[in-house]
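Heads up: the sequence shown runs through residues 0 to 805, numbered per numbering that gives the first Met the number 0. Let me begin by presenting the structure, written as structure tokens, before commenting on it.
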Amino acid sequence: MSLLHLLVLSPFLFAILVPFLYRYVRKVHTGWFVLILPLALFLYFLQFIKLTSSGEEVVRTFEWIPSLDINFTLHVDGLGLLFALLITGIGSLVTLYSIYYLSKDKEALHNFYVYLLLFMGAMLGVVLSDNLIVLYTFWETTSLSSFLLIGYWYKREKSQYGAQKSMLITVLGGLALLGGIILLYMMTGTFSIREIIANLDLLKGEALLLPALILVLFGAFTKSAQFPFHIWLPDAMEAPTPVSAYLHSATMVKAGIYLVARLSPVFSDHAAWFILISTFGIFTLFWGSFSAVKQTDLKGILAFSTVSQLGMIMSLLGVGSASLHYDYLENNIFIVAVTAAIFHLINHATFKGSLFMVAGIVDHETGTRDIRKLGGLMGIMPVTFTIALIGSFSMAGIPPFNGFLSKEMFLTGMINVLKMDIYHIETWGILLPVIAWVASVFTFVYSMILFFRTFTGKLQLEKLEKKPHEAPVGMLISPVILASLAVIFGFFPNILSSTLIIPAMKSILPTIAQSSREFDVEIKHWHGFTPELFMTIGIIVIGTILFLTVRKWSFIYERFPQKLALNHFYDQGLIGTERGSAWIMKSFMSGHIRDYLVYIFVFLSIISLSSLFVTNAFHLDVTNVAPIGVYEIILSLLAVGGAVITVLARTRMVAIIAAGVVGYTISLFFVIFRAPDLALTQLVVETISVALFLLCFFHLPEITKKQKRLRFRLLNLLVSIGVGFVVTMFGIASHSEKLFPSISKYFVEESYKEAGGKNIVNVILVDFRGFDTLFEITVLGIAAFGIFAIVKLRLTKRSEREHEGK
Numbered sequence: 000m001s002l003l004h005l006l007v008l009s010p011f012l013f014a015i016l017v018p019f020l021y022r023y024v025r026k027v028h029t030g031w032f033v034l035i036l037p038l039a040l041f042l043y044f045l046q047f048i049k050l051t052s053s054g055e056e057v058v059r060t061f062e063w064i065p066s067l068d069i070n071f072t073l074h075v076d077g078l079g080l081l082f083a084l085l086i087t088g089i090g091s092l093v094t095l096y097s098i099y100y101l102s103k104d105k106e107a108l109h110n111f112y113v114y115l116l117l118f119m120g121a122m123l124g125v126v127l128s129d130n131l132i133v134l135y136t137f138w139e140t141t142s143l144s145s146f147l148l149i150g151y152w153y154k155r156e157k158s159q160y161g162a163q164k165s166m167l168i169t170v171l172g173g174l175a176l177l178g179g180i181i182l183l184y185m186m187t188g189t190f191s192i193r194e195i196i197a198n199l200d201l202l203k204g205e206a207l208l209l210p211a212l213i214l215v216l217f218g219a220f221t222k223s224a225q226f227p228f229h230i231w232l233p234d235a236m237e238a239p240t241p242v243s244a245y246l247h248s249a250t251m252v253k254a255g256i257y258l259v260a261r262l263s264p265v266f267s268d269h270a271a272w273f274i275l276i277s278t279f280g281i282f283t284l285f286w287g288s289f290s291a292v293k294q295t296d297l298k299g300i301l302a303f304s305t306v307s308q309l310g311m312i313m314s315l316l317g318v319g320s321a322s323l324h325y326d327y328l329e330n331n332i333f334i335v336a337v338t339a340a341i342f343h344l345i346n347h348a349t350f351k352g353s354l355f356m357v358a359g360i361v362d363h364e365t366g367t368r369d370i371r372k373l374g375g376l377m378g379i380m381p382v383t384f385t386i387a388l389i390g391s392f393s394m395a396g397i398p399p400f401n402g403f404l405s406k407e408m409f410l411t412g413m414i415n416v417l418k419m420d421i422y423h424i425e426t427w428g429i430l431l432p433v434i435a436w437v438a439s440v441f442t443f444v445y446s447m448i449l450f451f452r453t454f455t456g457k458l459q460l461e462k463l464e465k466k467p468h469e470a471p472v473g474m475l476i477s478p479v480i481l482a483s484l485a486v487i488f489g490f491f492p493n494i495l496s497s498t499l500i501i502p503a504m505k506s507i508l509p510t511i512a513q514s515s516r517e518f519d520v521e522i523k524h525w526h527g528f529t530p531e532l533f534m535t536i537g538i539i540v541i542g543t544i545l546f547l548t549v550r551k552w553s554f555i556y557e558r559f560p561q562k563l564a565l566n567h568f569y570d571q572g573l574i575g576t577e578r579g580s581a582w583i584m585k586s587f588m589s590g591h592i593r594d595y596l597v598y599i600f601v602f603l604s605i606i607s608l609s610s611l612f613v614t615n616a617f618h619l620d621v622t623n624v625a626p627i628g629v630y631e632i633i634l635s636l637l638a639v640g641g642a643v644i645t646v647l648a649r650t651r652m653v654a655i656i657a658a659g660v661v662g663y664t665i666s667l668f669f670v671i672f673r674a675p676d677l678a679l680t681q682l683v684v685e686t687i688s689v690a691l692f693l694l695c696f697f698h699l700p701e702i703t704k705k706q707k708r709l710r711f712r713l714l715n716l717l718v719s720i721g722v723g724f725v726v727t728m729f730g731i732a733s734h735s736e737k738l739f740p741s742i743s744k745y746f747v748e749e750s751y752k753e754a755g756g757k758n759i760v761n762v763i764l765v766d767f768r769g770f771d772t773l774f775e776i777t778v779l780g781i782a783a784f785g786i787f788a789i790v791k792l793r794l795t796k797r798s799e800r801e802h803e804g805k
């Protein structure tokens, strides 16, 4: 295992130490110890920038399950490195912020940092894994760890609801993703993303490509909160603010973005890839920005703004995938969409992360996040005010901040859609730039609401739970760094061009990168009097008017019926599922083991027989079968007779003796087949079983006359015959159809040579299957302890009752 593997797994390993640090080092905040790891990882991944900038990649493989083509292969290229730096860089700042946000005396910090480290390691595994099965394993780990983080304050009902909601939706998407991965493997014969991209010809004309595409997008859309799966993200705001700043600005919600970017070369030839990502993304952008305006909670506004920004990035990736359908030109008008997607991915992490931290500071210092109670904090919290100004104006797309640059590139990408001549876009393509402009207007409005309603206007001290004051310096460091980056990337955007943006573009557009053409990325504020400039002016003018008059037109939100809300459908779906489950349980869970066995046997019989005959697996071959002798016939009749008497016996003693006859008859079979060891084992086991049966039944009451009257049950007869028939058919089929040579010859040849034993059966049990025998003994030991505990508990309760009676 390489150093890279150890570092990717280091968050999981470090998570084991956190509870001990929390327990034995109480005087120091646990976060200080945790901070070391993401900071070290960030510094480690920085060294790869020079490598990826020169077009090189790093691949490290650790063989995990090579027989199933599942290897832990890590692949560091431009795209993976970009996300790794976001995960570790933002992770370091969030950890530092959490040290001052979460009290070491009031919070269960060991739980928080264990969950945070699990999430960090899972995200690193997602973005650096080349094997799709390994990626899926980490993908689901992000869902589990985010569930734990969102539900950190588990005593709050809203935290429980938000955690459950995120878990159900993202895990459902994860299962769909697994289905897409399996379909890809069926078409290509590999789980390696690099190998799939290198052999795209295998996918041409495949009927399974569209189902795989839909399943993969289902997984990506649920994770990245695309409409209509976005409903989990606002409820996830019940998590502590450091969690929101980490999961919902730079990491978890970007996992779906990463997946779409990574698999774009695989699916971009299909029209559905372009259409689905572009349309769902642009509508998510509109719906998120439109819904954010009506929110009154700071984190609620930021939640829906995250939804809208994710839709923006997703739509850019969809439009950018069309660049693979055109010849490379010196100034390719379609590649600008991919450039904008990557650039805005970085920008969003800076301004949204700082704004989440600002929301946390306001809540921490005033006791509320309700903008109806806030206002006038500018003079009291000047540093927080400055951070909020930079973040809000950058999110609104106002120069000279970095959000303005990527927003301009976004508008350019949407306008360039009108120049395409694929997928009948001339008929519906105009919707993309129009919706993009309208959504940008609402983005401007909610950004202004977030900023001005919080920091300007009248200070309402009587509505605040605490007397507000500026946050401590430690809590301000992280948002100040992020806000500073928003300014730096705004004035000097091209410092990212060759270091992060171009290497990531080469990963998303490998066919263009392999054409030995260079990507030309030059980001600047002034492009002349372009349509984008006039659209931006319109956004600012119309957005300002709408912001100033928001109280006069916000009534439109009240006109939407709650019964048509997606959250209503989700809640009703859960209620219906619970009622349906309760009905099934009530109908089938009778409390009788006999009924449950009937369900199990009927299902197994039908499925087994169907598969046997549908696949034409039944084959009867008696060429190598020994003739049946008189002894076998007599013993078979004796065993069948014992079984029948066991069922029909009217006393327990007769039933036990008859069952013993069946067991002893089987031992005689072993004697005839020259297996004395097995015969002896069977005799010993049968003797012990009969003795135990007698001991148990001695304490039971006599069988009543009503119990002796056996009723004929046709269903039980049919089930019994069916199970016997299935077992017999499988026995005949398995003997007749040899898929591979028997291993018995190997045991005969190697038992004495390898283990030094002449008794083959003993050698198999002790040496060749030693672990199997050990585990069987362990299971029996655990069962014995369990029985002993139950008996002792029962005796203790009986003695207590007797003592109380005296």
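For each residue, glycine too, the CB sits at the ideal point set by N, CA and C.
- For F220, the closest of V57, L176, L430 by C-alpha to C-alpha distance is L176.
- Straight across, the Cα-Cα distance linking S304 with G54 is about 35 Å.
- Out of I776, T777, I606, P398, the CA that lies nearest to the CA of V726 is found in I606.
- Counting C-beta pairs closer than 8 Å gives fewer than three between the region 314-321 and the region 464-482, which falls short of the contact rule.
- Residue L8 holds the alpha-carbon nearest to the alpha-carbon of P37 among L8, I632, L691, D200.
- As a beta-bridge residue in DSSP terms, E62 pairs with N70.
- Residue environment analysis places W427 among the exposed positions, since fewer than 16 neighbouring C-beta atoms fall within 10 angstroms of its C-beta.
- Per DSSP, reduced to three states, the secondary structure at D369 is strand.
- Collapsing the DSSP output to three states places S589 in coil.
- Cα atoms of L508 and I414: separation of roughly 21 Å, rounded to the nearest angstrom.
- The beta carbon of F546 is closer than 6 Å to those of V444, M447 in its chain, skipping five residues each way along the sequence.
- Around the beta carbon of K744, a 10 Å sphere encloses fewer than 16 other beta carbons of the protein chains shown; the residue is thus reported as exposed.
- Contact annotation: the region 122-129 does not touch the region 288-300, with fewer than three C-beta pairs closer than 8 Å.
- 7 Å or more divides the Cβ of T453 from the Cβ of R371.
- Burial state of G255 is buried, judged by a 10 Å Cβ sphere holding 16 or more other Cβ atoms.
- Between N715 and R651, the alpha-carbon positions lie close to 21 Å from each other.
- Between the region 161-169 and the region 192-210, the count of C-beta pairs closer than 8 Å stays below three; the two stretches do not touch.
- Counting along the chain, no alpha helix (DSSP H) covers Y153, and no H or E run does either.
- C-alpha of S497 to C-alpha of L45: approximately 14 Å in a straight line.
- In the three-state scheme derived from DSSP, where H, G and I count as helix and E and B as strand, N615 is classed as coil.
- Distance from M186 to L202 at the Cβ level is roughly 6 Å; contact confirmed, criterion being Cβ atoms closer than 8 Å.
- CA-to-CA, the gap between A485 and S405 works out to about 12 Å.
- In this structure, DSSP gives V624 a state outside helix and strand, which the three-state scheme calls coil.
- The C-alpha of W231 is placed about 31 Å away from the C-alpha of H28.
- Excluding residues up to 5 positions away in sequence, V335, T338, A339, F342 lie with their Cβ nearer than 7 Å to the Cβ of M408 in the same chain.
- L779 and G769 have their C-alpha atoms roughly 15 Å apart.
- For S97, the secondary structure class from DSSP, reduced to helix, strand or coil, is helix.
- Taking C-beta atoms as the reference points, V17 and H109 count as a pair closer than 7 Å.
- A residue is called buried when at least 16 other Cβ atoms come within 10 angstroms of its Cβ; G527 does not meet this threshold and is exposed.
- The Cβ atoms of L246 and S145 sit closer than 7 Å to each other.
- When the beta-carbon positions are compared, I386 and P264 stay at least 7 Å from each other.
- Assignment of D519 by DSSP, reduced to helix, strand and coil, places it in the coil class.
- Just so you know, the alpha carbons of Q571 and E156 end up roughly 18 Å apart.
- The region 661-674 makes contact with the region 630-641; the number of CB pairs closer than 8 Å reaches 3 or more.
- At the C-beta level, A678 and V661 stay beyond 7 Å of one another.
- In the assembly as shown, I494 is an exposed residue. Its beta-carbon has fewer than 16 other beta-carbons within 10 Å.
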